[in-house]
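This report refers to the structure that appears directly beneath it.
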Amino acid sequence: MLEVKDLHAYYGKSHILNGVNFHLEEGEVVSLLGRNGVGRSTTVKSIMGEVPPQGSIRFRGKEIAGLPSHAIARRGLGYVPEDRDIFPTLTVRQNLELGIKNPRKPGKWKVQQMLDMFPNLARRADSPAGVLSGGEKQMLTMCRTLMGDPELMMIDEPTEGLAPLIVKQIGELISDIANAGVSILLVEQKLSIAMDISHRVLVMGHGQIVFEGTPEELRADDAIRKEWLEV
Amino acid sequence: MLEIILFSLLNGILYGLLLFMLSSGLTLIFSMMGVLNFAHASFYMLGAYFAYTLGMHTGFWPALILAPILVGVVGSLVERFGLRRVHANGHVAELLFTFGLAYVIDELVQLTWGTVAVPYREPDYLREPLFTLFGTDYSIFRGVVILISILMFIALWYLLKKTRVGMMIRAALTHGAMVGHLGHNVPRLFMLVFGFGCALAGLAGVIGGPLLATEPGMAATLGPIVFVVVVVGGMGSLPGAFYASLLIGLLQTFFVAIDASVADILGIFGLQIDPYGEVARITLANLAPMTPFILLVLMLIFRPRGLMGELEP
Ligand SMILES: Nc1ncnc2c1ncn2[C@@H]1O[C@H](COP(=O)(O)OP(=O)(O)OP(=O)(O)O)[C@@H](O)[C@H]1O
Ligand SMILES: [Mg+2]
Numbered sequence: 028m029l030e031v032k033d034l035h036a037y038y039g040k041s042h043i044l045n046g047v048n049f050h051l052e053e054g055e056v057v058s059l060l061g062r063n064g065v066g067r068s069t070t071v072k073s074i075m076g077e078v079p080p081q082g083s084i085r086f087r088g089k090e091i092a093g094l095p096s097h098a099i100a101r102r103g104l105g106y107v108p109e110d111r112d113i114f115p116t117l118t119v120r121q122n123l124e125l126g127i128k129n130p131r132k133p134g135k136w137k138v139q140q141m142l143d144m145f146p147n148l149a150r151r152a153d154s155p156a157g158v159l160s161g162g163e164k165q166m167l168t169m170c171r172t173l174m175g176d177p178e179l180m181m182i183d184e185p186t187e188g189l190a191p192l193i194v195k196q197i198g199e200l201i202s203d204i205a206n207a208g209v210s211i212l213l214v215e216q217k218l219s220i221a222m223d224i225s226h227r228v229l230v231m232g233h234g235q236i237v238f239e240g241t242p243e244e245l246r247a248d249d250a251i252r253k254e255w256l257e258v
Numbered sequence: 202m203l204e205i206i207l208f209s210l211l212n213g214i215l216y217g218l219l220l221f222m223l224s225s226g227l228t229l230i231f232s233m234m235g236v237l238n239f240a241h242a243s244f245y246m247l248g249a250y251f252a253y254t255l256g257m258h259t260g261f262w263p264a265l266i267l268a269p270i271l272v273g274v275v276g277s278l279v280e281r282f283g284l285r286r287v288h289a290n291g292h293v294a295e296l297l298f299t300f301g302l303a304y305v306i307d308e309l310v311q312l313t314w315g316t317v318a319v320p321y322r323e324p325d326y327l328r329e330p331l332f333t334l335f336g337t338d339y340s341i342f343r344g345v346v347i348l349i350s351i352l353m354f355i356a357l358w359y360l361l362k363k364t365r366v367g368m369m370i371r372a373a374l375t376h377g378a379m380v381g382h383l384g385h386n387v388p389r390l391f392m393l394v395f396g397f398g399c400a401l402a403g404l405a406g407v408i409g410g411p412l413l414a415t416e417p418g419m420a421a422t423l424g425p426i427v428f429v430v431v432v433v434g435g436m437g438s439l440p441g442a443f444y445a446s447l448l449i450g451l452l453q454t455f456f457v458a459i460d461a462s463v464a465d466i467l468g469i470f471g472l473q474i475d476p477y478g479e480v481a482r483i484t485l486a487n488l489a490p491m492t493p494f495i496l497l498v499l500m501l502i503f504r505p506r507g508l509m510g511e512l513e514p
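These protein sequences, in sequence, are chains A and B.
With the working numbering, the residue at position 98 of the first sequence is 125, and numbering never jumps.
With the working numbering, the residue at position 199 of the second sequence is 400, and numbering never jumps.
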């Protein structure tokens, strides 16, 4: 479904991605792991066109590297950025409504359904989204991206800085999304979540993928964990 | 005295509304795209000249609607084929681009319509008095201008608060990239906002032309004042631009109307200076053109974020 080949990316002169290769199949949940600053967010951003990519990115067989991000989103890629980026001056409901790509062709997810799923969002439906707590903002951005009916959703560090109870809720939401048939590329720091819900895991180091395998394989591979994950 | 106050109030509000028609577009463009459009007042001038020329064929009222649309189209094209390319090279390049554009438009206007004012006027029946107070007439046209401005602002408010496009614009004000990630065409939104802002400036020109004068210097006269409005109101704040427009509109109008000299003012405080000295003979009316800039300087010293701005300019 998604095929990334020899992907390079730069911030100014610094070379951040150094030939990233991986693929993701329909219905898969894949986690992208690695220490802080190795380029996981940059990988997702260059797939989304926010950072100019060099190399090949194919989605459903078609090249998307170099397209503007709105065109990439319309191909069926959804992106939940690490800084959440809710629209603070719009209400919770309006945030969700903006997730809809074409109001004349509403998708399978409905605003009301999202609000029913998350009573905390429903209670604040008509307040500016800026007043939400960190966990609520995270729920909102994930729901907002779902409103656009993505076929593949890339979620960047959804649990960062959140309380254990909310982390659990987010894990459940990600499972629900996967069960609804949406493929997921998850960037996570918390190994436990990633290991629980992923079919496959990728480990990044120095701007490249240094390990690819099932969660069990990663669990068994002490050397990789020591070298690239543990601090 | 009451007469002066009342008419200055009305004229000040009128001038303030006109300023807001310019500063609202400038503010929207600035806060969304980060571009301080130096050519904004040139689009105002284009509005007046377009309305003058169109009006000779279509009459006053159709021109009142067509000219701003035409200015909006010109603005959109400038964004699409000029600014958007320059944008890749950063904000300084954009600033220089709009700076150059202002001169290009000014020169083109002089080449097309000449270097002296053109007789762009409202129809005679609009010059009749709407009402007469203390023996002074207030023309129907001035009433019409106030009405158009108010309708304009209701439409602007409705667009921003109640429509989907308005929601996208407000979202893009803070998180432009995210709006794109949701699948909305942000470059096209920028083009629309730029064109819309230019159309508002054009409308200000269409109604400002007959009120002030339609001449090649009109952009250079009003341009700096509009910038003052935006800074005094607080860069990027639409409500701030509104209050600052009215404040500067009223301030300038009252200064023009008050027939007192520096000596008179000092006299009120019991101070005496030589009433025939150079400084003493400066009247408040002489100072009127300076008031926006005095306000600007004071504002930057004492409250650099402006009336309602969040960031320092
Ligand atoms: N806008 C930027 N300009 C310059 N350098 C950047 C920028 N964003 C990230 N970097 C650098 O690029 C490298 C990779 O950043 P990236 O955000 O992809 O890391 P990450 O793996 O997501 O880690 P984390 O999210 O934990 O910080 C880091 O060294 C970072 O300092
Ligand atoms: Mg990151």
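Just so you know, even glycine gets a beta-carbon here, dropped at the ideal spot from N, CA and C.
In the DSSP assignment, find the alpha helix (DSSP H) that holds B/D307 and state where it starts and stops. H292 to W314
Helix, strand or coil, according to DSSP, for A/N45 in the structure here? strand
Hey, would you say the C-beta of A/Y67 is under 7 Å away from at least one heavy atom of ligand 2? Here residue 67 of chain A turns out to be Arg, not Tyr, going by the sequence shown. Yes.
Sorted by chain position, which residues of the same chain lie with C-beta nearer than 6 Å to B/F261's C-beta, five sequence neighbours on each side aside? P324
Exposed or buried, A/Q140, counting other C-beta atoms within 10 Å across all chains shown (16 or more means buried)? exposed
Looking at the unbroken alpha helix (DSSP H) that takes in B/M500, where does it start and where does it end? T492 to F503
Please list the terminal residues of the continuous beta strand (DSSP E) segment that includes A/H35. L29 to Y38
Might you give, ordered along the chain, the residues of its own chain that have their beta carbon closer than 6 Å to the beta carbon of B/E513, omitting 5 neighbours on each side? At B/E513 the pLDDT is 42, less than 50, meaning the model places this residue with poor confidence; the figure from the coordinates comes in the next sentence. Only P505 and R506 meet the Cβ criterion.
Unbroken beta strand (DSSP E) runs of length 3 or more, entirely within the stretch 60–96 of chain A: which are they? 81–86
Could you check the C-alpha separation between B/F231 and B/V345 for me, to the nearest Å? Straight across, the Cα-Cα distance linking B/F231 with B/V345 is about 29 Å.
Once the 5 residues before and after A/S216 are set aside, which same chain residues still bring their CB inside 7 Å of it? The sequence given here has Gln at residue 216 of chain A, not Ser. The answer, listed in chain order, is E184 and E187.
Give a yes or no on whether the C-beta atoms belonging to A/I193 and A/I201 are separated by under 8 Å. Taking 8 Å as the Cβ cut-off, A/I193 and A/I201 do not qualify as a contacting pair.
For the beta strand (DSSP E) containing A/E239, list its first residue and its last residue. Q235 to G240
Can you tell me which of B/F397, B/L472, B/L501 and B/S438 puts its alpha carbon nearest to the alpha carbon of B/S277? It is B/F397.
So if I threshold CB-CB distances at 8 Å, which residues from the stretch 276–295 of chain B count as touching chain A? none
For a contact meaning CB atoms closer than 8 Å, what does A/K128 contact in chain B? L383, G384 and H385
By Cβ distance below 6 Å, which residues in the same chain neighbour A/I182 in space, the five residues on each side in sequence not counted? Cβ neighbours of A/I182 beyond the five flanking positions: V107 and L213.
Distance, A/R85 Cα to B/A294 Cα: Straight-line Cα distance between these residues: approximately 34 Å.
Hey, would you say the C-beta of A/G77 is under 7 Å away from at least one heavy atom of ligand 1? The sequence shown places Glu at residue 77 of chain A, not Gly. Within the chosen limit of 7 Å, ligand 1 does not reach the beta carbon of A/E77 with any heavy atom.
At 8 Å on the CB atoms, spell out the chain A contacts of B/R322, in chain order. Residues of chain A passing the Cβ test: none, with the nearest at roughly 43 Å.
Whole-number beta carbon distance between B/T228 and B/G367, since they are thought to touch under 8 Å: Contact flag wrong, Cβ pair sits at about 15 Å.
So for A/I211, helix, strand or coil by DSSP? strand
Measuring only the C-alpha atoms, how far is B/I214 from B/S446? 9 Å
Could you name the residues of chain A that B/P388 contacts, counting a contact when the two beta carbons are closer than 9 Å? P95 and H97
Name the DSSP bridge partner or partners of A/H50? Beta-bridge partners of A/H50 (DSSP): A/E30.
Please tell me whether, using a cut-off of 7 Å, the distance from the CB of A/D183 to the nearest non-hydrogen atom of ligand 3 is below it. Within the structure as shown, ligand 3 is missing, the only ligands being ligand 1 and ligand 2.
Locate the alpha helix (DSSP H) running through B/P184, then write down its first and last residues. Outside the displayed range of chain B (202 to 514) lies residue 184 of chain B, so it cannot be described from this structure.
Taking C-beta pairs closer than 8 Å, name the residues in chain A that B/T375 reaches, listed in chain order. F114, P115 and T116
Do three or more CB pairs link the stretch 398–411 of chain B to the stretch 480–488 of chain B at distances below 8 Å? no
Alpha carbon to alpha carbon, what distance is there between B/M234 and B/H376? The C-alpha of B/M234 is placed about 11 Å away from the C-alpha of B/H376.
Could you name the residues of the stretch 436–464 of chain B whose beta carbon sits closer than 9 Å to any beta carbon of chain A, in the order they occur along the chain? none
When A/L142, A/A100 and A/E163 are compared against A/L179, the one with the closest alpha-carbon: A/A100
What is the rounded straight-line gap between the Cα of B/L210 and the Cα of B/A489? If you draw a straight line from the Cα of B/L210 to the Cα of B/A489, it comes to about 15 Å.
For A/Y106, the first and last residue of its enclosing beta strand (DSSP E): Counting along the chain, the unbroken beta strand (DSSP E) around A/Y106 starts and ends at L104 to V107.
Using a C-beta to C-beta distance shorter than 8 Å, which residues of chain A count as neighbours of B/M379? Near B/M379 (Cβ distances below 8 Å), the residues of chain A are P108, D112 and F114.
Any non-hydrogen atom of ligand 2 within 7 Å of A/E109 CB: yes
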